Amino acid sequence: MTASKSSAAVRSSPELIPPEAAVTAKPATTRRKASPATAKPKGRSKAEQRAETQDQILNEAEYLFSRHGLHGVTLKDVAVRVGVHTTLMHYYFADKKALFDAVMERRAPVTSGRRMAAMDAYEASVDGKVTVEGALHAYLDTDLDSYIQGGEPWKNYAALGAQIANTPEWGSEIMNRLMDPVVRRLIDLLKKAMPKVPDEDIFWGYHFVSGALMMTLARTGRIDKLSGGLCRSEDFEAVKARMAKFMAGGFHAICAERAEERRAGRDG
Numbered sequence: 004m005t006a007s008k009s010s011a012a013v014r015s016s017p018e019l020i021p022p023e024a025a026v027t028a029k030p031a032t033t034r035r036k037a038s039p040a041t042a043k044p045k046g047r048s049k050a051e052q053r054a055e056t057q058d059q060i061l062n063e064a065e066y067l068f069s070r071h072g073l074h075g076v077t078l079k080d081v082a083v084r085v086g087v088h089t090t091l092m093h094y095y096f097a098d099k100k101a102l103f104d105a106v107m108e109r110r111a112p113v114t115s116g117r118r119m120a121a122m123d124a125y126e127a128s129v130d131g132k133v134t135v136e137g138a139l140h141a142y143l144d145t146d147l148d149s150y151i152q153g154g155e156p157w158k159n160y161a162a163l164g165a166q167i168a169n170t171p172e173w174g175s176e177i178m179n180r181l182m183d184p185v186v187r188r189l190i191d192l193l194k195k196a197m198p199k200v201p202d203e204d205i206f207w208g209y210h211f212v213s214g215a216l217m218m219t220l221a222r223t224g225r226i227d228k229l230s231g232g233l234c235r236s237e238d239f240e241a242v243k244a245r246m247a248k249f250m251a252g253g254f255h256a257i258c259a260e261r262a263e264e265r266r267a268g269r270d271g
């Protein structure tokens with residue numbers, strides 16, 4: 004999947020770097036020329052400094068947005084966490100929405116690309132004989148692996164994605180733009196696994212899968228309290244071990260029941 008370019012959000016003018024402090028002159032002394040082994044490494048280029056600062060801004064913005072949403076965070080809030088002046092925020096990003104879009108567009112193509120590759124590999128490995136559970140494993144397990152292996156930064160992104168998915172005002176546009184291709188690839192596999200099932204049942208099934216995944220990614224802590232600590236919303240490994248099989252069972256159950264209803268209607 005190709006995410007929308009965020010270059011419009013990122014300013015292209017050269018970074019203003021404060022001049023170095025003046026150094027008091029000392030009498031000249033004779034020094035040996037440093038050998039290649041002992042020569043001091045070159046400092047970071049301006050481009051490297053800009054990239055590092057931009058990454059810091061995106062990381063801190065991702066953390067804040069995942070907890071407070073688009074409207075609960077200001078550019079000043081992000082600047083304080085990064086430790087820079089607010090004017091530098093405008094130097095990199097035109098406004099808060101541009102920063103928000105850049106945060107989403109950084110990781111969305113990565114996880115979507117991984118899922119696309121996993122589903123393609125799965126279909127090829129079974130010679131086209133796709134199953135519901137196999138398709139769901141390729142889609143869900145691969146996504147969960149990104150958060151398990153990526154640590155807290157990726158889990159912050161996951162929580163932000165869950166928040167966006169439940170925000171009709173502006174979230175649907177982002178989800179449509181960044182996630183539709185990978186979702187449609189899953190739908191395609193599910194249709195191949197259940198060729199006689201009406202499309203509406205497959206789409207409703209995906210709707211339930213998506214709801215369960217978003218609840219998981221939100222990490223609300225609700226299951227922690229309900230289970231008395233037996234289950235933890237942070238435990239994506241436990242979710243991965245159960246979700247695909249559970250959802251596959253749901254698909255088969257509703258599709259079988261609906262098929263029986265249609266047969267009864269025809270016979271009646």
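Residues are numbered in this note's numbering as their position in the sequence shown, beginning at 1, plus a constant of 3. From the three backbone atoms N, C-alpha and C, an ideal C-beta is built for every residue, glycine too. Note that the coordinates shown come from a computational prediction; the quantities given were computed from them, not determined experimentally.
Do you know how far the Cα of Q59 is from the Cα of W207? 40 Å
Hey, how far is the Cα of V135 from the Cα of E51? 46 Å
Cβ neighbours of E237 in the same chain (closer than 7 Å, five flanking residues each side left out): Excluding positions up to five away in sequence, the list reads R222.
Do the segment 241-255 and the segment 136-143 make contact, defined as three or more Cβ pairs closer than 8 Å? Result yes; three or more Cβ-Cβ pairs closer than 8 Å.
Does the separation of the CB atoms of E240 and I151 fall below 8 Å? yes
Grouping DSSP H, G and I as helix and E and B as strand, with all else coil, what is P30? Reliability of the predicted coordinates at P30 is poor, the pLDDT of 44 falling under 50, and the value obtained from them is presented with this limitation in mind. DSSP places P30 in coil when its eight states are reduced to three.
Is the segment 59-75 in contact with the segment 151-167, if contact means three or more CB pairs nearer than 8 Å? yes
Extent of the continuous alpha helix (DSSP H) run through F239: Segment F239 to K243, the alpha helix (DSSP H) holding F239.
Burial state of A168 (16 or more Cβ within 10 Å): buried
Expressed to the nearest angstrom, what Euclidean distance is found between the alpha-carbon atoms of C234 and R245? 13 Å
Closest to P184 by C-alpha separation, out of R84, P112 and V106, would be which residue? P112
Going by beta-carbon coordinates alone, are M122 and L189 separated by less than 8 Å? yes
On a CA-only basis, which of V186, D98, S149 and S128 is nearest S213? Give me that one, please. V186
Evaluate H140 with the Cβ neighbour count: other Cβ atoms within 10 Å of its Cβ, from every protein chain shown; 16 or more gives buried, anything less gives exposed. buried
CA nearest to the CA of Y142, picked from R53, L192 and P198: L192
Compare the Cα-Cα distances from L91 to each of E264, F103 and L78 and report the closest residue. L78
What number of angstroms, rounded off, separates the C-alpha of V83 from the C-alpha of E155? Straight through space, the alpha carbons of E155 and V83 are spaced by roughly 20 Å.
Nearest to S115 by CA position, among E63, M182 and H74, is which residue? M182
Span of the alpha helix (DSSP H), counted from its first residue to its last, around L139: V135 to L139
By Cβ distance below 7 Å, which residues in the same chain neighbour K243 in space, the five residues on each side in sequence not counted? D144 and L147
Please confirm whether L61 and R118 have their CB atoms less than 8 Å apart. no
Using the Cα positions of A262 and V200, report the straight-line distance between them to the nearest angstrom. 8 Å
Would you mind sorting T33 into buried or exposed? The rule is 16 or more other CB atoms within 10 Å of its CB. Any answer about T33 is weak, because its pLDDT of 44 lies below 50 and its placement is not dependable; what the coordinates show is given next. Classification for T33: exposed.
Give me the Cα-Cα distance between Y209 and H255, rounded to the nearest whole angstrom. 12 Å
Cutoff 8 Å; reference G72; Cβ partners in own chain excluding five residues on either side: Q166 and T170
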